[in-house]
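Working notes for the structure below.
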Amino acid sequence: MISPRLDELLYVTDSDDGEFQASRAEPANGYTIKFTAGFTGAPNAHGIKVDPDSGEVTVLQGWETAPEPRLRTFIVTATATRDGGTATSYLRIYVHASTSFLWLSPSSLTVRQNAKNMRFSVLARFDDAVVGDISNWSPLNAPTSGELDFVRHISTNDPVLQWGPREGDSPSVIHVDPVTGDITNEGDPDAQVKVEVFYNLGNPLASAMVRGAPSWDTGVNLKFIKGNGGFASMFRDDMHNVLFLPEGFVDDAGGADRKLFDEYVSKIITTLTTNPHTRPFDLLAHKFNFFSAWVPSPEKGCTFLSEVYPREMVSGHRRGRNLELPRPPATPLPDSLGLPELIFTVGPPNLRHDPPGSPAGTDASGRVHNWQTLYGPVPTEARTADSYDTWLSRNDRTLVNERNTAFHIAIGYRPRIDRASMPSIDISAHPLRLHDDDLDKFLLHLRDDKGTPLSDEEMSPWAEGGKDEAMIVLLCRTNRNAGANVIRGTTGTTARYLCITLDDLSTVDYDERTDGNGCDLVPDPVPKDVGLGAWGTIAHELAHPFTLDDEYGGRVGVLSAKDLKDVKASNNVQERAALENASQQLVPKDVKWRWPRLHQAGVLADPSDDESAVRPVPGSTDRFLLTMAKGHGKAFADPEVDIVKLRKPHLTPKPKYSDRLRVVDVQGDQLTVVLVAGSQLDPTDFGGGDLVVAPVRGPDPDLQNDQLGDDLELMHKVVFDRINDTHNPLNAEADAAHNRACGAEPKTPTPASNFAPGTRPARPKLSYRLVGLYEGGHVLNCGVYHPTGQCMMNETTTFDAASKKRSITPFCSVCRYALVDEIDPHAHGVIDDEFYWDYPQ
């Protein structure tokens, strides 16, 4: 057989040319694309041939009878080079002698009328007992003339796999593309058809049933759960509507699963909106409405894509964990390879060729010697000794069959060697199912609790382009820890859906089927209480639409043009390039979160027909009237709130402030202010929707004569000075070289270690609460900074080694500030009262 042309599957992305297919790179792109095989004698040895230009892998005749050691797995490295710069991607290739069994997954698939992008996965058990996903033997899209992005025999350019029913075999409104396996239902919600897969139109190798269902635009009634106004307020600009959808919950006897979903959603909303551990969401609950819509799944549970190995038997079921991700060995080579490095070098084991108890051998004979024959000198007896037994224990790794669920959400990825950012907890729509257009069609046709379409009043707030297009939560019926904020649609990065699970377990339960069709998931029970994982995940993910980015690292690399755009738009991460001086030293002058602490803040009212929110007092040149939003004036009657400024909304980019103004009178929601000595104000510069803020100041030299102290920033001057003096972030060691290079991702919580002994501020007691610069963010270890050493946006839960307990990680002071500022600035005073105890004195 011949593999697909890898250059037709490889995509290159850069800031100049965007994304393009490697096989279609024009000479003007200036890229050189090469494929390198990771075995001795490459590109043609051991019965395997790899084309260095196209990446095609050919298994030559005679491979199956070649003497041992036989090459059964290896890595192909794709390299794109231009102007001295190089990018690489890895792909592991497996070679098997034959397939012992083939089946489609899930065992049946529901396809709605006119739904897009619906396919079965094809799983196979090979002669060596390995279970693999061979769905990519078929092309994803119908190939154009000359395209070879599928597996084929040496003697033909036709795909090895063909799909049916073949034309005329089974008349139905459900059609299956014979080349891609794409399934379409053209009109009958009750239609059924058996889908089959063949080797080059021979006898069927596997089959499964497709069952029709109504179109995504049929319309589903919403249920109002909790909030401020429900349906009556949902279209107000200042209200945020969160929609919960069930994934993997079924219509069962007595509606038990629906009741479990409703109860769990109610509990998680109550926890989020009342518990101060995820503040400020408890302070902002009045700005939210929470709804749900019942969409049952045919099967319980959630699809799990990653490879697993069994760790133990529990209640008669296998309980498995993710197979460890491979990782390239460091340079220079270490004395010992860890398990990820060993898997990268020689591949994972299998039951037939690596049975339990198999000896490792030596450099002169046995398995280690064979590895060196196939892969070169890296896997020596000494380097592999520490990890060998653990490596061997992974020989019964497998894939778990997929589930037929309403929204086709899946956790993780099929086995891959290029490391994703967080592959064990990533969760999103299955790549072979659920098109964004269909999800949007469903959202556009939602109805209120009386059955009236939301579109009769305005566009559904959750549809792409709606004001709450990022506030959709898919609650997945699994206790496996996972969570993601998934971009959807075609208009940019603002339309999203959140996926969360019920708990924070790291295992999955499964059973082997008696018919040979692999292993089926054992659905988890729904927990009685909201787990820390679910609570933390929803707080973290719901913060993303309000300008907060991920603060963790995990990946080595640089910011792409798209990544840089995202970082610039976020309030809690910042790229190093924006903080470097002409000598490329780190300086804190332009740190985003040098915002003033605020005693109070409020919003100016929208202008009425006869007056603006900011206007001069009649007959005065230095006095002005400010009309606040309802209820926002009262806070400014506090005697401490004597000096205010006007400010444009949104913290990024840096907002415009007015000069200082003194509050001289408060009557309900109307403030009278007078210019401080030296201040000026053009009242037309500010208006409805802008903010009135009262910064916290340092000591006033002479308050009566308008000689006022400086506004105090979230980042204290002692922190500013230390970063400015050392040109290092707070997580650097105190004795590190100035402007030292970034290293590995720091552990969390991350202490503020960049202080000489005796110089760190006594407050806060926990140094990781100091606001400054800490390395890591936007999933990169280096080149991006975040503001504190502990935050919900970095790690949702924190494990305390002393008590051996896990707790919710709070939002840091910067993220609290940003959330309040975006959702309801009126809450600034409350969070600053708490921040006072973490502020250096």
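Residue numbers (the numbering used here): 3 to 843.
By construction, the Cβ of each residue, glycine as well, lies at the ideal position given by its N, Cα and C atoms.
Status (buried if at least 16 other CB within 10 Å, exposed otherwise) for Y838: exposed
heavy atom of the ligand GDP below 6 Å from H601 C-beta: Among the ligands in the structure shown, none appear at all, so the ligand GDP cannot be discussed.
Opposing strand residues paired with L245 [DSSP bridges]: F293 and I474
Which of helix, strand or coil DSSP assigns to A30: Any answer about A30 is weak, because its pLDDT of 45 lies below 50 and its placement is not dependable; what the coordinates show is given next. DSSP places A30 in helix when its eight states are reduced to three.
Beta carbon of E466 nearer than 7 Å to that of N796: no
Exposure of L335, with buried meaning 16 or more beta-carbon neighbours within 10 Å: exposed
For G538, the first and last residue of its enclosing beta strand (DSSP E): No beta strand (DSSP E) holds G538; the alpha helix (DSSP H) holding it covers L534 to A545.
Buried versus exposed, by CB contacts within 10 Å (16 or more), P753: buried
Inter-stretch contact (C-beta, 8 Å, three-pair minimum) for the stretch 232-246 and the stretch 501-511: no
DSSP state of I866 mapped onto helix, strand, coil: Outside the modelled stretch of the chain, which goes from 3 to 843, sits residue 866, for which no answer is possible.
Spatially closest choice to R313 from F306, R323 and S174, by CA coordinates: R323
Neighbour-count burial assignment, L550, 16 or more Cβ in a 10 Å radius: buried
E577 to D723 span [Cα, whole Å]: 20 Å
Contact between the stretch 377-390 and the stretch 272-284 (3+ Cβ pairs under 8 Å): no
Backbone secondary structure at P827 - three-state DSSP: helix
Beta-carbon separation (whole angstroms), E301 vs T407, contact threshold 8 Å: 6 Å
For P651 and S681, the rounded distance between their alpha carbons: 21 Å
A563 burial status per 10 Å Cβ neighbour count (16 or more: buried): exposed
Alpha carbon of P620 to alpha carbon of L274, nearest angstrom: 47 Å
Proximity below 7 Å, CB of F293 to CB of I271: no
Contacts around D834, its chain only, beta-carbon distance under 7 Å, and the 5 residues preceding and following it disregarded: R599, L600, H601 and V698
Length of the line joining the Cα atoms of I95 and T480: 31 Å
Buried or exposed by the 16-neighbour rule on C-beta atoms within 10 Å, applied to L446: buried
CA-to-CA distance, K749 to A734, given in whole angstroms: 12 Å
DSSP-derived helix/strand/coil call for V132: coil
Where E715 sits in the DSSP three-state scheme: strand
For K567 and V694, the rounded distance between their alpha carbons: 29 Å
Per-residue burial, R818 [other beta carbons within 10 Å of its own, 16 or more giving buried]: buried
Distance CB(R329)-CB(P342) smaller than 7 Å: yes
Beta-carbon proximity of N223 to R449, cut-off 7 Å: yes
Pick from Q63, E10, S614 and G148 that is closest to T37, judged by C-alpha positions: A small correction: the amino acid at residue 37 is Phe; Thr does not occupy that position in the sequence shown. Here the closest residue by C-alpha is E10.
Coil, strand or helix - H177 by DSSP: strand
Rounded straight-line distance, which links the Cα of T88 to that of R238: 50 Å
Touching by the beta-carbon criterion (3+ pairs, under 8 Å), the stretch 127-134 and the stretch 91-111: yes
Neighbour-count burial assignment, N574, 16 or more Cβ in a 10 Å radius: buried
CB of E543 within 7 Å of CB of G485, strictly: yes
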